[in-house]
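Chains as they are written, first to last, in this note's numbering: chain A, 1 to 505; chain B, 1 to 758. Note that the Cβ used here is the ideal one computed from N, Cα and C, for glycine as well. Everything on this sheet refers to the single structure shown next.
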Amino acid sequence: MIHLPLLPVLVPLVAAVLQLASHRAGIGMARAIGLAAVALTLLLAAALAWATRDGTVLAVALGDWPAPFGIPFAADGLAATMVAVTAAVALPALLAATDGTDRLGRHFHPFFQFQLAGLNGAFLTGDLFNLFVFFEVLLIASYALLAHGGGAARSRAGLHYVVLNLAGSLLFLVGLGLLYGTLGTLNIADLAERVAALPAEAVPPARAAFALLLAVFAFKAALLPLGFWLPHAYGAATAPVAALFAVLTKVGIYAILRLSTAVFPAADWTAGLLAPWLMPVALATIIAGTVGTLAARRLGVMAAHLLLLSTGMLAAAMAEGSTRMLAAMLYYLPHTTLVSAALFLLIGHIARARGEAADRIEHAPRPEGWSAIGAAWLVLAIAVTGLPPLSGFPGKVMLLSAAPATAMGAAMWVVLILSGFAGALAMARAGSVIFWERPDLPPAAPAPRPGAALALALAFVPLLVLGAAPLSAHAQAVAEQIRARQAYAAAALPVPQPPMRERRP
Amino acid sequence: MLALPAIPLLALACVPLVGWGLRRAPVMAPWLAALPAALFLLVLTTPDGAMFSLHWIPTLGVELAFRLDGLSRLFALLIAGIGAGVFLYAAAYLEGHPLLHRFLAVLTLFMAAMLGAVLADDLLLLFAFWELTSLASFMLIGFDAHRAEARRAAQQGLMVTVAGGLAMLAGLLLLGDAAGTFRISAILAQGSTLAAHPAAPWIVVLIAIGCFAKSAQWPLHFWLPNAMAAPSPVSAYLHSATMVKLGVYLLARLNPAFEALALWQGLLIGVGTATMLAGAVLALRERDLKRKLAWSTVVALGTLVALIGIEDPLAATAAVVFLLVHALYKASLFLIAGIVDKKAGTRDAMQLRGLGRRMPITAAAALLAGLSMAGAPGFIGAFAKDLLFTVQLGVPRLLPAVALLVNAAMVVVAGVVAARPFMGKPMETGGVAKDPAVALLVAPIVLATLGLVFGMAPHLISAAIIEPAAGAILGRPTGIALGEKQGGTVVMTMSFAALGLGLLMFLGWRRLQPTLAGQTWLDTYGPDAGYGRAMRAVSAVAVALTRRVQGGSLRGYLAANLALVFAGAALVLVARGGLALPLPGPWAGPAQLALAAVILAGALAACRLRALFGQVMAAALVGFGVGILFLTLGAADLAFTQFTVEILAIVLLVAILARLPFHAPDARRAPERRRDALLAAGVGAAGTAILLAVLSVPFDPFITEWMGKAAVPEAKGRNVVNVIIVDFRALDTLGEIAVLLIAALAATVLLRRTGKPG
């Protein structure tokens, strides 16, 4: 199945078109198509992960045009992991949306599928311009999803989101133009060869072009000081959308990681591009996320800040950049994405059950049957703050023990540990306000039972801890693979200088 | 060896069963005591040195490893044994409570976590169980969540122990790194070599912080009395007999590795002594029975920590004996305090009088426990006290004086809690004060009686329990059997002096207490108030900072982003000396310069014009100018594409503008406009500088040339741009089509919703 890497993009695209075509058939049809497509994508992701487990890189040349002229799709361990995480988040998110959230506006389902296509495309493509295109797809779809459901807060957050992201896209495009102007290619594997062979006088503008591009990715990843937009946008989104958005910030992280492993090590002048700024920025992001978590007065905003915090951790791990640290990061990434998504879903559930009080952190009448949701909150609080015995704990330990014995490493320790404490404080405070009874308040209507989606999302948490051994081994293997570079380069750019072909087959 | 891991894991597996089963059949609650009783027997029958290990996360070297030795056996027996009594008591204490099943499930979880923590042979596994006990404590303190003080106390306890726990995690990771393993037995096997490791001071301080927080050492002691908001069985079990001793356990566990370090000894003895003193003063000051007992627990914990810091076989023995003694009498007294609270309706030691006649059995149990606490001869408490004095006399300077004062204070506490409520004229009580049901009495009586039994027959526990545990703390056999006469006449004198001073203070307590309670500065500047202030400050600072960073103004965000990104890129360019101008070429003829002027004029006009329609037209001028520029440079196909897109865009925009009433008033003031203009000019200048630098280096035409050459023979197309769009890079085009489709869909959704004509 040589086209396997294409299918995670094609399946949602086709599903979206089918949903649009059949939109008169009612929402049931759209749900069925959507769930089937997401389930299929999950299977495909599993197949991809299976096919790449031994270090194989699956590559497809689109239209059979050879790289670097055409567009290659390349699935290595990293891409397969990202696709799998996306599908694993998408399934519970979509299930949760079928509780009626998807009826709040039109075309929720096609937008959702387009978003998935954009995400998967971004993870699988081996060409920076194509990456830009998929960024556009996921951005425009995410805007539609963010605005889904309407309301003043959502419109305002949506406007901020779309304007800032369009500016980001513009900068992305400018950066790509400049990069193409200096290096003559945008194929990721080819870039590595060109940066190594670049004449000295062309280095400064190429460096500036990379700087611009990295800034754009940092913006997409919501790293400080470019990440102001995230908390209020995510906090305003409907729960299933916010859950899916947990993957969105990872695209920026992924792009930086891809460049920093596949391209930057190729030459001396690119090797140091991240070092001076990424670590301080990452630590500042963690601090900002922590502070925001403590300051939040609504659960949604709090969860968004926790997401910001975790993005900062990923960036910090990437900035440190040793193989061990990358392995820790690749273990932590699925964990944090899934847990954040589950948290958003749970908060959506809480907000619905509480009615008027929504997700504001204040005393309100307790719905009956509240304790099951309280238990779920407790589980996620443990997971999200990295306390044992759930999956955040091995992740945190891996990050901490991979930190080097330098001032930077010490700074990482301090920031990681303090942020963990602040996270625990915020979650405990919010939980005790929301879940502990106040007899002076009248009892509220019974809470809806936590849906299947919620259960599914929560199930990932123990799954991750039981799978700690295989998952950490997998993360280690992927980290070694992306560090080695050759496999990806050989697959995405099979023949470095392809001759003119005689005929198309 | 499966019995060993079964001890904590069996208890863990029972948690959901308890929650589920007791909800359906609450009458079965007393039978739950059989679980800890069975675990007690299991611990008792498991041989010393039993080990079990299973890989958990091999990449980290974390193992599911358990090990049983003298020290962990002592703790496990206390946990399971006192657990059996507390479970029995709790089932009766909370009989009929709608949430009894949940209470007992969490209590079971706690017991499992405690057993896991003391049996774990892996530092990280121990940490996992450790944090689980904090969590269980949080839920149990907050059990009466409708009371604000319970909520506050639960959170405070969690925060102090979690904060300490995180410091400890750092210490444990450093320790694992220094030792090359997380296995505790392997670490201890390295002897005192670890004490010489350069990271040892850090390891010691960080781990000690965690242990001090857990074991309520000064100045982190304040959470423990507040935790008395929990139901009495919780106070007896978690906050006196077991959980708060976990910090002591870990210090004792790691003592052989670090005992040679002066820092270790100094830290433990210093903090332990300070804790003893603070606890003693605060215990004398307190009126609430349970809080008074809690302060005396603080004293006991300080004593234990200081004893571990003293490197001496006698000190290790004293620590073990005192630990056991304290667990027995304190759990018993807490359970009795719970009965008194329930029956007399108050816990105020000033009011409680004369209950002895109406509650004789309770009074007898209290008396037994109180005598053990006061160290009366014949009770095991007497051994503990003799050992304590002997050890403390061996450490010069402060300790003997502190020991005298503290022991006297303990006599007062014992008197006020165990004797005073039952003596004298009967008080007025709200309800009928009488002895409670048997289920409530069994545990306190048994625990209190054990103090007498072990005191009479020390050989029962000496070789089996005390010596192996003390040996584990010391790292070598102590050679001291319980019951041997310790110390000489000096110790005897001191012992009597403490008893006498204590009795005097007890008799004067009615007058002493108000004086001490009047010292309000102890509260105002105490760590409890400091905790409250710190929490409020954290919130205030967080809110203020977040408001600053996320001002909520879109223009502010945009300006900051653009400025930062371009300033960064330009800085990278300039700092590396990359400023360069491209060589003049055919692209810069008079016609091109004229077109450039037109484009520039269009851009400026778009900025200056106020009407949207005019702005669209000005932007169109830019687009067409660029198109013509392409034409003059020979790129006819590109120009054609540009014209098509431009015309389409204008038609669409004009059509929309004609139908929708857009107004775009400019709310900016003059300074803001100037600032924006400056920013725009700066961003433009930075972009231009980078672009010029890019143009000044030769372009690599490899891909362009290939596409030019391949278009006709390979792709059968004469227009290269078209071939690129629909063939070479067709996926990009597919993506852009998708973008357009989504944008159109999104627009219809938005327009329909706003109710404007679409």
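Environment of residue i [buried if 16+ CB atoms lie within 10 Å]
i: Phe134 (chain A); result: buried
i: Ala157 (chain A); result: buried
i: Thr515 (chain B); result: exposed
i: Arg354 (chain A); result: buried
i: Cys211 (chain B); result: buried
i: Cys14 (chain B); result: buried
i: Met412 (chain A); result: buried
i: Pro360 (chain B); result: exposed
i: Arg183 (chain B); result: buried
i: Pro47 (chain B); result: exposed
i: Val9 (chain A); result: buried
i: Tyr525 (chain B); result: exposed
Presumed contact (8 Å Cβ cut-off) between residue i and residue j, rounded CB distance
i: Trp395 (chain A); j: Tyr332 (chain A); result: It should be noted that the sequence gives Gly, not Trp, for residue 395 (chain A). That belief holds up - the Cβ atoms of Gly395 (chain A) and Tyr332 (chain A) are roughly 4 Å apart, short of 8 Å.
i: Gly625 (chain B); j: Ile647 (chain B); result: At roughly 14 Å, the Cβ-Cβ gap does not stay under 8 Å, so Gly625 (chain B) and Ile647 (chain B) are not in contact.
i: Val298 (chain B); j: Thr273 (chain B); result: Not really, about 12 Å apart at Cβ, beyond 8 Å.
i: Ala458 (chain A); j: Val397 (chain A); result: The residue you asked about is not Ala; residue 458 (chain A) is Leu in the sequence shown. With a Cβ gap of about 22 Å, Leu458 (chain A) and Val397 (chain A) do not count as contacting.
i: Leu4 (chain A); j: Leu58 (chain A); result: 6 Å
i: Gln265 (chain B); j: Glu311 (chain B); result: 7 Å
i: Ala45 (chain A); j: Val83 (chain A); result: 5 Å
i: Ala570 (chain B); j: Ala686 (chain B); result: 4 Å
i: Pro205 (chain A); j: Thr182 (chain A); result: 5 Å
i: Val694 (chain B); j: Ala711 (chain B); result: 26 Å between Cβ atoms; not a contact.
i: Asp127 (chain A); j: Asn187 (chain A); result: 5 Å
Close Cβ partners of residue i (< 8 Å) along its chain, the five nearest in sequence each way excluded
i: Arg353 (chain B); result: Arg420, Pro421, Met423, Gly424, Lys425, Pro426, Met427
i: Val749 (chain B); result: none
i: Ile461 (chain B); result: Leu324, Phe454, Leu482
i: Leu173 (chain A); result: Phe132
Same chain, Cβ closer than 7 Å to residue i, neighbours up to 5 away in sequence not counted
i: Gln392 (chain B); result: Leu399, Pro400, Ala403
i: Ala327 (chain B); result: Leu78, Ile82, Ala241
i: Leu678 (chain B); result: none
i: Ala529 (chain B); result: Asp523
i: Pro225 (chain B); result: Arg291, Ala294, Trp295
i: Ile347 (chain A); result: Ala239, Leu299, Gly300, Ala303, Asp359
i: Gly184 (chain A); result: Arg194
Residues of its chain near residue i, where Cβ-Cβ distance is below 6 Å and the 5 sequence neighbours each way are ignored
i: Ser372 (chain B); result: Tyr329, Phe379, Gly381, Gly451
i: Ala448 (chain B); result: Ser332, Ala365, Leu368, Ala369
i: Val18 (chain B); result: Leu104, Ala105, Thr108
i: Gly149 (chain A); result: Leu104, Gly105, Thr238
i: Ala33 (chain B); result: Ala84, Phe87, Leu88
Under 8 Å (Cβ pairs) to chain A, residues found in the region 57-77 of chain B: Ile57, Pro58, Thr59, Leu60, Val62
What residues from the region 239-252 of chain B come within 8 Å of chain A, judged by C-beta to C-beta, listed N to C? none
Relative to chain A, which residues along the region 145-163 of chain B have a C-beta separation below 8 Å, given in chain order? Ala145, His146, Arg151, Ala154, Gln155, Leu158, Met159, Val162, Ala163
Segments of 4+ residues assigned as alpha helix (DSSP H) that fall wholly inside the region 526-586 of chain B: 527-549, 554-575
Residues in the region 132-154 of chain A having any Cβ partner in chain B nearer than 7 Å: Within the region 132-154 of chain A, the qualifying residues are Val133, Phe134, Glu136, Val137, Ile140, Ala141, Tyr143, Ala144, Ala147, Gly150.
Give me the subset of the region 360-372 of chain A whose CB atoms are less than 9 Å from a CB atom of chain B, sorted by chain position. Ser371
Just to confirm the assignment: which complete alpha helix (DSSP H) runs, minimum length 4, are found wholly within the region 291-344 of chain A? 299-320
Using a beta-carbon distance cut-off of less than 7 Å, what residues from the region 555-569 of chain B approach chain A? Those would be Tyr557, Leu558, Ala560, Asn561, Leu562, Leu564, Val565, Gly568, Ala569, in chain order.
What are the start and end residues of each continuous alpha helix (DSSP H) run of 4 or more residues lying completely inside the region 25-73 of chain B, in chain order? Runs found: 34-45.
Residues of the region 692-711 of chain B with a CB closer than 9 Å to any CB of chain A: list them in chain order, please. From the region 692-711 of chain B, only Leu692, Ala693, Val694, Leu695, Ser696, Val697, Pro698, Phe699, Asp700, Pro701, Phe702, Ile703, Thr704, Trp706, Met707, Lys709, Ala710 have a Cβ closer than 9 Å to chain A.
Jot down the residue ranges of each uninterrupted alpha helix (DSSP H) in the region 190-273 of chain B, minimum 4 residues, whole runs only, in chain order. 200-214, 223-226, 232-236, 246-258
Pull out every residue of the region 625-649 of chain B whose Cβ sits closer than 7 Å to any Cβ of chain A, in chain order. none
Hey, which unbroken runs of the alpha helix (DSSP H) at 4 residues or more fall wholly within the region 583-658 of chain B? Runs found: 590-608, 612-632.
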